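*Asks:* Numbering (my numbering), first residue to last: 12 to 79.
All residues carry an ideal CB built from backbone N, CA and C; glycine is no exception.
Computed from a prediction, not measured in an experiment: that's the story for all the values here.
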């Protein structure tokens with residue numbers, strides 16, 4: 012009887028995917044369509060403090076990590 016279980020699992024996965032796809036608009040961030048907040052930190056390692064205005068139009072890479 013493995014065939015009916017496989018079919019049931021496939022139907023269940025399909026239903027979950029369809030439900031999440033349809034309800035995707037419910038998870039829109041309240042920060043969407045707003046400008047990014049300014050980088051507000053007092054500790055900068057190996058560089059002078061930056062402002063987002065200075066970086067406009069440039070490709071940047073942000074790396075978030077901790078010394079933990």
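1. Could you check what DSSP says for residue 46 in three-state terms: helix, strand or coil?
2. Determine the contact status of residue 63 and residue 73, defining contact as a CB-CB distance below 8 Å.
3. Quick check: the Cα distance between residue 46 and residue 33, rounded to an integer number of angstroms?
*Replies:* Taking the geometry as given:
1. Here DSSP, grouped into helix, strand and coil, assigns residue 46 to coil.
2. no
3. 27 Å
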